[in-house]
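Chains as they are written, first to last, in the numbering used here: chain A, 1 to 313; chain S, 1001 to 1500.
Beta carbons are placed, not taken as given, at the ideal position from N, Cα and C, and that holds for glycine.
Below: one structure, written as structure tokens.
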């Protein structure tokens, strides 16, 4: 393969990720320890799973601000049901359904109610957070110490073949998301809808249904992240997931998906999420205070997006 | 005495993968109207975008008033008094006429407040000169396209532009508006200003232009005085080959009734009744806003009907969405490819298959990409769509080829009734003929075709039967062989009603 400009463009985010990791590894060799890499991946799983759902939404030209709140509510419901002694698998299904329903509700408000996605999901974000606080009475809910809690804790804290379970979940989510977007009708329609909604509608596609689907996917994946966090901590925090929507959007945008819709991929998103995750990890390794970490994160996002814009001109 | 104010020499523009312009020369003579002609994709717009600093050229020189110039953006070309009026007008719809004219150059007083008095006085002078009778505080969105065009010209005049480029200015104008535009152009010419006039309508070239420059496939073909040219000659220069008969109407026997519409009514339509046969081309004529597109979209389920019945092959149907229409065998090709016809950022193949994706789905709802590609390639060959591959993004194709992709998309749904809305709008002469041939082929295969068009010659030349609409009603119905331009116009403006 010749290393011409077009190939470089195509893989610029991958190249960026590798160069970035190499620099960090040189500064601090501890970065490359297996334990550290697994740690980065596990930490990234939460954001990247939310970001995978966000990719669907942004590809249609929408946005979902309610994911952080959905994560909290699903986690709280899961924790309380576990504490009541319900079967862990049943709880997982219920929690994901709750997330999907919140998302579908967003989709209905946006498509049938013709409300802008930003406003609709902003309202949902506030509503769902409010309900989470009511539901939890503002206090953490512990999953308890029964056998089902033990099983439930495996999702976030368990290992298989020495690798944390959340990494497997993340991988599965991305493989399925990739498959849907790349190989199915739904995926094709998602890109079409983001590319030109009027034309998609006139092509005989039920665009309302597609919108409901993508927000439901986003909600379901936010709930899945909520399960991982709740499971890992063995308790649900009423304020869990605050601000996570922004990290997810950042990962999607860093991955090269256009906020205007129609252009982008879930592979870009995982790279975007990894860049954010690695940056956090590197700054931790270097003992940089969390205040400066935010500064650095903001700068990286800004620079990456500016570079992207320049190249697209 | 014919001295060039502007000269572009040896202009080359290389885009990734395509050479849009190859060593093109173009001159603008002072105080003359210069036609810039060529098929879609010939490079006219690219050349003008280089001139006005939107694109940077790969090679070549530009001389303005004898001086070598290079514009980095539109502002710099404006400063040199070169103004461009784009086809899709560049006005802010929510601002007033006066505000639009001086947008970005508002006169201000010493407190940096916009000097409304001066703004309105200056604007008034300009509008008066152009003979536009509108209040200056009218919002642009409330103006007709023709008036909006005048606002753009006023804007160019306010810059005191020496060269004014007009890109397809009459495309959306009524005949009367075109007339007043021409009056203004002649006025501007008298003042010694130069006009670059880009148009597909050859008649206009003879009416208004002094010189014509023809481009083909990114290359300079010829510059000639218009008086030495004929319509035939121009077409020949543009396509590089002689055109045979423009409208190859084929005689065909029309079959049984495929569609019957009874008393169809909604917001846009009033008591619509007509029948359509198998193997028939039904032309629908009328002025802009007569309800033709709305009729098509109502049949297609994209606009709700309030009253009336639609029968498909004798069976009453209730179509509530385009999806249902496609399932029932009705397909619609939009009048506006860019707005609601195609998804420009997707590939040729993805656009073609989108309405018929169900036919390409395997288990696990996986799209059978091999089958999709095979069928798409078949359509590309069959309709001679010129594209490097089916993976090419549709936005990179010329207008004619985009239109063919649009039609292919409909064909993939295997329609019994095909509704074509302005099938040759913005399409160059060569591709037009190809599209007519395709439509005739569909007819021969027994498809029922409704063809909406604003080009009356096209309606007359192609249709077996013609419907004319006026204010949401059908005011005329004629046999294709017997109809004349005058008969159609009388019904279109509503002074006469004729039904078969």
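Is it buried or exposed for residue i, if we count other Cβ within 10 angstroms and need 16 for buried?
i, result
"residue 191 of chain A", "buried"
"residue 145 of chain A", "exposed"
"residue 1482 of chain S", "exposed"
"residue 1072 of chain S", "exposed"
"residue 1406 of chain S", "buried"
"residue 1092 of chain S", "exposed"
"residue 1244 of chain S", "Caution applies to residue 1244 of chain S, whose pLDDT of 48 falls short of 50 and renders its modelled position unreliable; the value that the coordinates give is listed next. Exposed is the call here."
"residue 1062 of chain S", "buried"
"residue 1112 of chain S", "exposed"
"residue 1288 of chain S", "exposed"
"residue 264 of chain A", "buried"
"residue 213 of chain A", "buried"
"residue 1162 of chain S", "buried"
Which of helix, strand or coil does DSSP assign to residue i?
i, result
"residue 36 of chain A", "helix"
"residue 187 of chain A", "helix"
"residue 1278 of chain S", "coil"
"residue 131 of chain A", "helix"
"residue 195 of chain A", "helix"
"residue 29 of chain A", "helix"
"residue 200 of chain A", "helix"
"residue 1308 of chain S", "strand"
"residue 1386 of chain S", "coil"
"residue 1026 of chain S", "strand"
"residue 1014 of chain S", "strand"
"residue 236 of chain A", "strand"
"residue 244 of chain A", "helix"
"residue 1042 of chain S", "coil"
"residue 1285 of chain S", "strand"
"residue 1468 of chain S", "strand"
"residue 1360 of chain S", "helix"
"residue 1498 of chain S", "strand"
"residue 1091 of chain S", "coil"
"residue 45 of chain A", "helix"
"residue 260 of chain A", "coil"
"residue 1337 of chain S", "helix"
From the DSSP output, which residues share a beta bridge with residue i?
i, result
"residue 1067 of chain S", "S:1064"
"residue 1506 of chain S", "Given a span of 1001 to 1500 for chain S in the structure shown, any question on residue 1506 of chain S remains unanswerable."
"residue 1083 of chain S", "S:1164"
"residue 1108 of chain S", "S:1114"
"residue 1223 of chain S", "S:1213"
"residue 1272 of chain S", "S:1264"
"residue 1096 of chain S", "S:1139"
"residue 1448 of chain S", "S:1417"
"residue 1037 of chain S", "S:1214"
"residue 286 of chain A", "Answer is none; residue 286 of chain A lacks a bridge partner."
Thinking residue i and residue j are a contact (beta carbons under 8 Å), I'd like their distance in whole angstroms, please.
i, j, result
"residue 1313 of chain S", "residue 1258 of chain S", "6 Å"
"residue 204 of chain A", "residue 13 of chain A", "Residue 204 of chain A to residue 13 of chain A, Cβ: 35 Å. No contact."
"residue 54 of chain A", "residue 218 of chain A", "6 Å"
"residue 66 of chain A", "residue 136 of chain A", "Not a contact, Cβ separation roughly 17 Å."
"residue 236 of chain A", "residue 140 of chain A", "6 Å"
"residue 1352 of chain S", "residue 1431 of chain S", "With a Cβ gap of about 17 Å, residue 1352 of chain S and residue 1431 of chain S do not count as contacting."
"residue 1157 of chain S", "residue 1126 of chain S", "5 Å"
"residue 1397 of chain S", "residue 1387 of chain S", "6 Å"
"residue 1418 of chain S", "residue 1447 of chain S", "6 Å"
"residue 164 of chain A", "residue 30 of chain A", "Actually they do not touch by this definition, with Cβ atoms about 19 Å apart."
Select from the region 190 to 205 of chain A all residues with a C-beta closer than 8 Å to any C-beta belonging to chain S, and list them in chain order.
So the list reads 191, 192, 195, 196, 198, 199, 200, 201, 202, 203, 204, 205, given in the order they occur along the chain.
Given a limit of 8 Å on CB to CB distance, which residues of the region 250 to 279 of chain A reach chain S?
262, 263
Name the residues in the region 1338 to 1350 of chain S whose C-beta lies less than 9 Å from a C-beta of chain B; which are they?
Of the protein chains in this structure, namely A and S, none is chain B.
Chain S contacts made by the region 22 to 39 of chain A, where a contact means CB separation under 7 Å
none
In chain order, what residues of the region 1297 to 1318 of chain S put their CB closer than 7 Å to some CB of chain A?
So the close ones are 1302.
Under 9 Å (Cβ pairs) to chain A, residues found in the region 1320 to 1333 of chain S
Cβ contacts with chain A come from 1321, 1322, 1323, 1324, 1325, 1326, 1327, 1331, 1332.
With 8 Å as the C-beta to C-beta threshold (strictly closer), list the residues of the region 1276 to 1290 of chain S near chain A in chain order.
none
Against chain A, which members of the region 1349 to 1364 of chain S pass a CB distance test of less than 7 Å?
1350, 1354, 1355, 1357, 1361
By the 9 Å beta-carbon criterion, what residues does the region 1367 to 1390 of chain S contribute toward chain A?
1367, 1369
With 8 Å as the limit, tell me which residues of the region 53 to 85 of chain A have their beta carbon closer than that to any beta carbon of chain S; keep them in chain order.
none
Scan the region 162 to 184 of chain A for residues whose Cβ lies nearer than 7 Å to a Cβ of chain S and list them as they occur along the chain.
So the list reads 183, 184, given in the order they occur along the chain.
Residues of the region 1409 to 1430 of chain S in Cβ contact with chain A at a cutoff of 8 Å, in chain order, please.
1409, 1413
Chain S contacts made by the region 121 to 145 of chain A, where a contact means CB separation under 8 Å:
none
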